[in-house]
Structure formats: C-alpha cells, structure tokens
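Undergrad: Counting in the numbering used here, the sequence shown runs from 26 upward without gaps. Built from N, CA and C at the ideal position, the CB exists for glycine as well.
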Amino acid sequence: MENRTFQVNIENDYSNLGKLNCGVPQGSILGPLIFLIYVNDMPQAVDCDLFLYADDTCVGFTDKNIKTIENNLNRNFNSLCDWFVENKLSIHFGEEKTKSIVFGSKRRLKNIDKLNIRRDNIKVSQQNKVTYLGCILDENMSGESMALRVLKKVNGRLSFLYRKQSFLSYKLRRMLCNALIQPHFDYACSAWYPNLTKNLTKKLQISQNKCIRFCLGLDNMTHIGVHEFKTINWLPVQNRYEQCVAINAYKFCKGMGPAYMSDTYSFVKNLQTTRRSVLKLELPLKKTKMGQSAISYIGPKIWNNLPSECKLEDNPNKFKHKMKEEFFKCLQNENDDIYMYY
26 MENRTFQVNI
36 ENDYSNLGKL
46 NCGVPQGSIL
56 GPLIFLIYVN
66 DMPQAVDCDL
76 FLYADDTCVG
86 FTDKNIKTIE
96 NNLNRNFNSL
106 CDWFVENKLS
116 IHFGEEKTKS
126 IVFGSKRRLK
136 NIDKLNIRRD
146 NIKVSQQNKV
156 TYLGCILDEN
166 MSGESMALRV
176 LKKVNGRLSF
186 LYRKQSFLSY
196 KLRRMLCNAL
206 IQPHFDYACS
216 AWYPNLTKNL
226 TKKLQISQNK
236 CIRFCLGLDN
246 MTHIGVHEFK
256 TINWLPVQNR
266 YEQCVAINAY
276 KFCKGMGPAY
286 MSDTYSFVKN
296 LQTTRRSVLK
306 LELPLKKTKM
316 GQSAISYIGP
326 KIWNNLPSEC
336 KLEDNPNKFK
346 HKMKEEFFKC
356 LQNENDDIYM
366 YY
C-alpha cells in the first residue's frame, strides 16, 4: 500500500504525479476485504436503516408523516456525510449518483410534499424511480419500469439472435437464450414482478414464447403449450417467478440463507410442543394488496402450498427439479392454460 501515485489525463495532457496516502487499490485480491474493513463502522454513524453493498450505500426510514421522514433523513444523511469527510471519502452529489425517493401508494403519494434533503447548499433531487443494484424501483412499487426494461432487453437480444440463426444449432440457440435472455426474467423478480398489471405479465409471457419458438425453430404463429415448455425444460414466467421465491424460502428453512432472512421469514410453532415446523412458515397478516405482494407474504404462501416431498429434499438443485415437475403436472391438468399466449 506504500509509494502509490496517481495521474490525471485530460485530452492526452497528463498532470504531475500525485501521492496517494490512503485508499484501496482496484483489482487487487485483498481489495474487497480491505474495503469492507474500511467501511465496517459506517452503520454506527446513523440511527436509521443503512443498506450497504460494496460502494453502493442507501439510507432508509419509514414513517407515515412526510416531515418526520424528511427530518430523520436530513439528520442521518448529514451525519453520514460527516463520517465520509472524517474517513477521507467523498460523495458524488450529481443527480445520477445521489438521489431520494418516497415509496408509497398512488393515493398517498399525490398528497405529500417533496422531500427537502440538503447538505449545506446542495439539495438532493427527488425522483419517481431509482435504480439500485441493477433493479429499477418505482415510487409506487408497481414494477412497471423494470418490466419495460426487461422486455426491451429480451426483445433486443432475441432480434439479434434471429439475425444469426442460420449459424446456430438447436443446442447453441438454447444455450444462448439461457445465458443472454432468461436471466433478465429472473433478476430481482421478487421485487418487481408481484405488482405488475395483467397487460405487462402477458407481454412478458409473449416475449418468453418468442424465445421458445426461436429455440425450437417454430414459426411465429405456433401455439406454445405445455409440450413446448417441457421440450425446452422452461417454466412459464409466472411459475418461474414462484420457483425463485420458493428457493429463497427453501434456503431459509434449510439454514442455507443469510442471517438477515430471519427478518423476513419465521417458522410456525406448534402451540402444544413449541417446536418449529420446518414444513410450514408463518404467514403474516397483510390486509392491503401491496402488503400481500411482499416477499414476506408471498414466500410463506408459496412454500406452505408445496407438497411435502418437495420440502424434504436435501439439495437445492433437486428441490428446483421437483418443483418444476409439480408445476408441469399442474399445467398439464389445466384445460385452459392461462399462461399460454400467441
């Protein structure tokens, strides 16, 4: 870490060498660990929720009164800025880097004032949507912005693959769709998929159907049913989302998940023996539609409805395959399959 220097290049004009007295070198093996140690005491600078992921920091506070939220965030944000100064770090105050957002229902958002979060003379802009760790969060948690981005990326990449299809075998087409397209349906789906409108969920399914036609070499008007899903071994978008949520619950039940999952899930206790039931999770009381779209509600609901043989699997991959088999059985038994669109 000694004798490190830096230099600035502006239009091929280099500055004199400057000495680096602190910081973590990028690309080093120990860099991530050293950085985590360096910012380890950051949560002590605030008395609200602080979400840390590498160098992405998010401050959060929940209350029904907008002024209480504003006062709390102002106090903690400035306290965090002081911590940055003391530790020789800086905050990017540009609108693309530092911004604020208020989450709530459409009705409540209409009747509240804008947040006034400041650091001296610098005001933090308030947005109606923000991108955090690659997931777009709308102020009303509708998931619309993220779904539209997924559709744009999926359709764009599929168009590219169609232009190259003459060079691709079935195996390559399927492999490329698995690698380049399917992950967009999965990423952070528990955060954006539950509140989508029927129109958007239909568009997502239509987009996935196009991918299946491409992989199987079918024409544009071919109906996609259970047989096609089994052939390519994919689940419809809705079932795939439910599988992702169920895997999250499975890892908690098997003790494979991170410690913070205990804030999301809890086991049902037998009132007579007070022993935990690993086959059932506590379903929290949620009266609103937004509350029932939270993973803390959807996770236990999906998990509790799974057959016992699925829950007893001791391997995550076996659990996923068992779930897929159950979904295919359900789809096969349905006379009118609501997931299949042209």
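For G43, is the classification buried or exposed, using 16 other Cβ atoms within 10 angstroms of its Cβ as the cut-off for buried?
TA: In the sequence shown, residue 43 corresponds to position 18, counting from 1. Exposed is the call here.
Undergrad: So, with DSSP's three-state summary, where would you put S115?
TA: For the purposes of this step, residue 115 is taken as residue 90 along the sequence shown, with counting starting at 1. DSSP places S115 in coil when its eight states are reduced to three.
Undergrad: Classify C47: buried if its beta carbon has 16 or more other beta carbons within 10 angstroms, exposed otherwise.
TA: In the sequence shown, residue 47 corresponds to position 22, counting from 1. That one is exposed.
Undergrad: Can you have a look at Q233 and say buried or exposed, based on whether 16 or more other CB atoms are within 10 angstroms of its CB?
TA: As a first step, residue 233 must be located in the sequence shown, where it is residue number 208. Label assigned to Q233: buried.
Undergrad: Would you call Q190 buried or exposed, if buried means 16 or more other Cβ atoms sit within 10 Å of its Cβ?
TA: Along the sequence shown, one-based indexing puts residue 190 at 165. The residue is exposed, with fewer than 16 neighbouring Cβ atoms inside 10 Å.
Undergrad: Ignoring anything shorter than 4 residues or poking outside the stretch 238-294, list the alpha helix (DSSP H) runs there in chain order.
TA: List check, alpha helix (DSSP H) in window: 251-257, 262-278.
Undergrad: Kindly confirm or deny that the stretch 284-291 and the stretch 229-247 touch, where touching means at least three C-beta pairs closer than 8 Å.
TA: Segments in contact, no.
Undergrad: Report yes or no: do the stretch 134-143 and the stretch 90-99 share at least 3 C-beta pairs separated by less than 8 Å?
TA: Cβ pair count under 8 Å is three or more, so yes.
Undergrad: Let me make sure I understand the geometry here. Which of Q207, L134, A216 has the alpha-carbon closest to that of S170?
TA: Within the sequence shown, residue 170 is the residue found at index 145, counting from 1. Comparing Cα-Cα distances from S170 to each of Q207, L134, A216, the minimum goes to A216.
Undergrad: Would you report the Cα separation of L296 and Y266, rounded to the nearest angstrom?
TA: Taking the sequence shown and counting its residues from 1, one reaches residue 296 at position 271. Taking the sequence shown and counting its residues from 1, one reaches residue 266 at position 241. With a pLDDT of 48 at L296, under the threshold of 50, the modelled position of that residue is not reliable, and the figure given next carries that caveat. Roughly 33 Å between the two C-alpha positions.
Undergrad: In three-state terms, what does DSSP make of K354?
TA: In the sequence shown, residue 354 corresponds to position 329, counting from 1. It is helical.
Undergrad: Taking buried to mean at least 16 other C-beta atoms within 10 Å of its own C-beta, is F254 buried or exposed?
TA: Translated into the one-based positions of the sequence shown, residue 254 becomes position 229. Its Cβ being crowded by 16 or more others within 10 Å, F254 is buried.
Undergrad: Could you have a look at S125 and say whether DSSP puts it in helix, strand or coil?
TA: As a first step, residue 125 must be located in the sequence shown, where it is residue number 100. S125: strand per DSSP, three-state reduction.
Undergrad: So is G324 buried or exposed if we call it buried at 16+ other beta carbons inside 10 Å?
TA: Here residue 324 corresponds to residue number 299 of the sequence shown, with the count starting at 1. Result: buried.
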